[in-house]
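These notes are about the structure you will find just below.
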Amino acid sequence: AGGGSIKAQMKRADASGARWALIVGDDEASANRVAAKPLRGAGAQIALAPEEVAAHIRAAENA
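In terms of the numbering used here, the sequence shown is residues 9 to 71.
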(Lines of atoms letter the chains of each structure in order from A and count residues from 1; the text may use other names and numbers.)
(Lines give C-alpha, C1' and ligand atoms only; values in the text may rest on other atoms or scores of the structure.)
Protein backbone atom coordinates (compact mmCIF):
# COMPACT_ATOMS: atom_id res chain seq x y z
CA ALA A 1 0.00 0.00 0.00
CA GLY A 2 1.03 3.58 -0.34
CA GLY A 3 1.70 5.67 -3.35
CA GLY A 4 4.77 7.01 -5.03
CA SER A 5 7.73 5.36 -6.64
CA ILE A 6 9.03 2.01 -5.43
CA LYS A 7 12.07 3.86 -4.08
CA ALA A 8 9.85 6.18 -2.00
CA GLN A 9 7.78 3.25 -0.77
CA MET A 10 10.90 1.34 0.29
CA LYS A 11 12.17 4.42 2.17
CA ARG A 12 8.83 4.66 3.99
CA ALA A 13 8.92 0.96 4.85
CA ASP A 14 12.46 1.29 6.20
CA ALA A 15 11.59 4.42 8.21
CA SER A 16 8.55 2.66 9.69
CA GLY A 17 10.77 0.03 11.29
CA ALA A 18 9.39 -2.78 9.13
CA ARG A 19 11.64 -5.82 9.01
CA TRP A 20 10.40 -7.02 5.60
CA ALA A 21 9.03 -5.51 2.41
CA LEU A 22 6.73 -7.61 0.26
CA ILE A 23 6.71 -6.50 -3.35
CA VAL A 24 4.20 -7.45 -6.01
CA GLY A 25 4.97 -5.60 -9.22
CA ASP A 26 3.82 -6.43 -12.73
CA ASP A 27 6.54 -9.07 -13.18
CA GLU A 28 5.75 -10.76 -9.86
CA ALA A 29 2.01 -10.68 -10.48
CA SER A 30 2.33 -12.26 -13.93
CA ALA A 31 4.56 -15.00 -12.47
CA ASN A 32 2.30 -15.46 -9.39
CA ARG A 33 5.25 -14.61 -7.12
CA VAL A 34 5.90 -12.24 -4.22
CA ALA A 35 9.30 -10.65 -3.72
CA ALA A 36 10.28 -10.74 -0.04
CA LYS A 37 13.05 -8.28 0.80
CA PRO A 38 14.58 -8.15 4.28
CA LEU A 39 15.03 -4.57 5.48
CA ARG A 40 17.04 -5.40 8.61
CA GLY A 41 20.22 -7.43 8.80
CA ALA A 42 21.68 -9.49 6.02
CA GLY A 43 19.80 -11.33 3.36
CA ALA A 44 18.85 -11.06 -0.25
CA GLN A 45 15.51 -10.44 -1.89
CA ILE A 46 13.83 -13.70 -2.86
CA ALA A 47 10.84 -14.50 -5.07
CA LEU A 48 8.31 -16.85 -3.48
CA ALA A 49 4.91 -18.29 -4.20
CA PRO A 50 2.33 -16.40 -2.13
CA GLU A 51 1.65 -19.45 0.07
CA GLU A 52 5.38 -19.70 0.93
CA VAL A 53 5.85 -16.14 2.22
CA ALA A 54 4.77 -16.58 5.85
CA ALA A 55 6.81 -19.76 6.36
CA HIS A 56 9.90 -18.20 4.77
CA ILE A 57 9.73 -15.09 6.96
CA ARG A 58 9.11 -17.15 10.11
CA ALA A 59 12.12 -19.36 9.33
CA ALA A 60 14.34 -16.36 8.57
CA GLU A 61 13.26 -14.55 11.75
CA ASN A 62 14.04 -17.65 13.84
CA ALA A 63 17.43 -18.34 12.21
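Note that CB positions come from ideal geometry on N, CA and C, so glycine has one too.
Going by the beta-carbon positions, is the gap between residue i and residue j smaller than 8 Å?
i: A62; j: Q53; result: no
i: K45; j: W28; result: yes
i: N40; j: A57; result: yes
i: A67; j: G51; result: no
Which residue marks the beginning of the beta strand (DSSP E) containing residue i, and which one marks its end?
i: A55; result: 54-56
i: A39; result: Run containing A39: none; DSSP gives neither H nor E here.
i: A26; result: Careful: A26 lies outside any beta strand (DSSP E) and carries neither H nor E.
Can you name the start and end residues of the alpha helix (DSSP H) that residue i belongs to?
i: A62; result: 61-69
Leaving out the 5 sequence neighbours to the left and right, which residues in its chain are closer than 7 Å to residue i when beta-carbon positions are compared?
i: L47; result: A21, D22, A26, R27, W28, A29
Might you give, ordered along the chain, the residues of its own chain that have their beta carbon closer than 6 Å to the beta carbon of residue i, omitting 5 neighbours on each side?
i: V32; result: V42
Can residue i be considered in contact with the ligand FAD, in the sense that its beta carbon sits closer than 7 Å to one or more heavy atoms?
i: R20; result: Here there are no bound small molecules, and the ligand FAD is not part of this structure.
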